[in-house]
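Worksheet: one structure, shown below.
In my numbering, the protein residues as written are 1 to 309.
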């Protein structure tokens with residue numbers, strides 16, 4: 001049994017096996033209806049609990065469909081339906097769920113909630129997102145890049161905008177997969193220093209460039225995310241728009257990156273804010289391949305957690 005909590009706490013060789021397995025799984029399903037069972041059924045007779053304290057589209061659907069394709073069943077729970085940390089300790093919830101299900105995936109706020117759940121569960125726990133990281137998204141992103149451009153090792157990835165949880169997981173991946181990373185955005189929204197320093201300690205370049213046009217020169221991949229959280233107050237929304245407007249991904253920025261640079265966004269996107277529709281729908285955008293690959297990459301992650309790779 002193995003937990004999948006963060007990219008930087010998972011061995012690089014295991015991450016590579018998961019990416020390769022995700023591509024194999026995708027190839028094996030090519031052309032089949034979405035409800036067709038996989039030829040291999042590693043989750044036969046298994047039940048997976050999917051816990052969502054935050055709203056979700058891609059994470060919820062991709063995990064649910066993936067478990068079903070692999071022969072298992074899902075139990076989807078919202079934070080409002082549970083006593084997770086409210087009236088019952090997270091540790092006790094972990095012990096109880098371990099008696100009912102074979103795996104837990106959770107999308108929550110505090111990374112400490114994820115860690116306490118994993119520390120006390122007798123079944124694998126997967127990080128479906130916390131305020132600190134989003135490793136499943138980045139596994140899909142690595143898989144998508146390599147489908148289009150080959151191995152990501154030695155490439156240049158540029159993140160523009162807010163150094164949020166998704167950005168942090170991309171920096172984790174830089175250290176584990178061996179690519180260089182540039183953050184371009186306001187000083188007040190930089191990724192955590194300790195996250196950048198940990199990746200640098202693994203021998204890759206992680207830098208900050210305030211000028212977005214300079215940052216993307218020679219980029220192999222340009223990535224952004226929404227400027228706003230659904231929980232931001234109106235005053236914070238206005239301040240963030242003012243701070244982040246110079247970091248919008250538009251045709252001019254992608255032209256500065258060069259003709260071979262790909263564009264990614266984890267979605268949902270606010271078209272016309274962090275990225276223009278022209279870029280999202282343009283020839284360098286791979287956002288919908290990226291969204292699809294959440295399914296295939298997460299199936300590989302789940303198989304790895306059960307020792308079924």
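We treat Cβ as the ideally placed atom computed from N, Cα and C, and that holds for glycine.
None of these values were measured; they are calculated from a predicted model.
Using the Cα positions of residue 215 and residue 38, report the straight-line distance between them to the nearest angstrom.
-> As a first step, residue 215 is located in the chain shown; it is residue number 215 there, counting from the start. As a first step, residue 38 is located in the chain shown; it is residue number 38 there, counting from the start. Looking at the two C-alpha atoms, the distance is approximately 43 Å.
Residue range of the alpha helix (DSSP H) that includes residue 119 | Indexing the chain shown from 1 puts residue 119 at position 119. Going by DSSP, residue 119 is part of the alpha helix (DSSP H) stretching over 111 to 120.
Pair within 8 Å by beta-carbon distance, residue 96 and residue 75 = As a first step, residue 96 is located in the chain shown; it is residue number 96 there, counting from the start. As a first step, residue 75 is located in the chain shown; it is residue number 75 there, counting from the start. Not in contact: residue 96 and residue 75 (Cβ atoms no closer than 8 Å).
Pairwise C-alpha distance: residue 8 and residue 17 | Sequence index remark: in the chain shown, residue 17 carries index 17 (1-based). Sequence index remark: in the chain shown, residue 8 carries index 8 (1-based). So the alpha carbons of these two residues sit roughly 15 Å apart.
Which partner residues does residue 271 have in the DSSP bridge list?
-> Along the chain shown, read from residue 1 onward, the residue named residue 271 stands at position 271. Paired residues: 275.
Beta-carbon proximity list for residue 195, same chain, < 6 Å, skipping 5 on both sides | Numbered from its first residue, the chain shown carries residue 195 at position 195. These residues qualify, in order along the chain: 168 and 171.
For residue 264, the residue or residues it bridges with in DSSP | Start at 1 with the first residue of the chain shown, and residue 264 comes out as number 264. DSSP output for residue 264 lists 223 as bridge partner(s).
Same chain, Cβ closer than 6 Å to residue 103, five either side skipped, listed in chain order | Here residue 103 refers to the residue found at position 103 of the chain shown. Hits under 6 Å: 48, 123 and 124.
So what does DSSP say about residue 50, is it helix, strand or coil?
-> Numbered from 1 along the chain shown, position 50 holds the residue referred to as residue 50. Strand at residue 50.
Do the CB positions of residue 244 and residue 153 come within less than 8 Å of each other?
-> Numbered from its first residue, the chain shown carries residue 244 at position 244. Numbered from its first residue, the chain shown carries residue 153 at position 153. No, they are not a contact pair.
Which residues does DSSP pair with residue 78 in a beta bridge?
-> Here the question's residue 78 lines up with position 78 in the chain shown. DSSP lists 52 as partners of residue 78.
Among residues of its own chain, excluding the 5 on either side of residue 189, which ones have a beta-carbon nearer than 6 Å to its beta-carbon?
-> For this step, residue 189 is matched to residue 189 along the chain shown. Excluding residues within five positions, the ones whose Cβ falls inside 6 Å are 162 and 163.
With a cut-off of 8 Å on the beta carbons, I'd call residue 109 and residue 89 a contact; round off their distance for me.
-> The count along the chain shown starts at 1 and reaches residue 109 at position 109. The count along the chain shown starts at 1 and reaches residue 89 at position 89. About 16 Å; that fails the 8 Å criterion.
Smallest Cα separation from residue 279: which of 293, 296 and 253?
-> Sequence index remark: in the chain shown, residue 279 carries index 279 (1-based). When only C-alpha atoms are compared, the closest one is 253.
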